[in-house]
Amino acid sequence: MTRVLVLNGPNLGRLGSREPEVYGTTTHAGLAERCRSDGERLGLDVEVRQTDDEAQLVGWLHEAVDTGAHVVLNPAAFTHYSYATRDACAQVTGAGLVLVEVHLSNPAAREEFRHTSVIAGVATGTVAGFGADSYRLALQAVAARLDPAASSL
Ligand code: DQA
């Protein structure tokens, strides 16, 4: 089955209690469960991970390249400044794998510093602003990119 790593960056382990008015009330465990069941329906084998550590995230992106896994990535605050994460993402898409950048909120509608994504230019595409549904839309986009004929998009 097609493997997809859903990777979540810093502070996303706090979902549920972290600024619920911005990020919603779904916990990280709840989000992970939704991703796995959405993946099942789409024929994707989804694994969800979260880290606050940049080196760990870069290591997981290298693992995606080495094992041929597609990626749905919420880089969280790393979105706005982490060239290390960007360079690792470039290796994923450079290897012909799909990488969808995802955000719960719409960073373009928030503070100025969130308007810059150093990831977007090396991602296959971006989904932002739909809360937890952003992840389902991102997984649908992965499935559609891999099999346009079977796409429900
Ligand atoms: C976020 C948006 C980022 O600006 C922020 O630093 C996050 C979460 C989102 O999912 O909306 O931690 O990536």
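The sequence shown maps to residues 27 to 179 in the numbering used here.
Quick reminder that beta carbons are idealized off the backbone N, C-alpha and C, glycines included.
Cα-Cα separation, residue 29 to residue 151: 18 Å
Output the residue ranges of the beta strand (DSSP E) runs that lie fully inside the region 47-104 and measure 3 residues or longer, sorted by chain position. 70-76 and 96-100
Exposure label - residue 160; buried when at least 16 CB within 10 Å: buried
Touching by the beta-carbon criterion (3+ pairs, under 8 Å), the region 108-128 and the region 36-56: no
Tell me whether residue 34, by its Cβ, gets closer than 6 Å to a heavy atom of the ligand DQA. no
Can you give me the C-alpha to C-alpha distance between residue 130 and residue 148, rounded to a whole angstrom? 19 Å
Could you check the C-alpha separation between residue 123 and residue 138 for me, to the nearest Å? 31 Å
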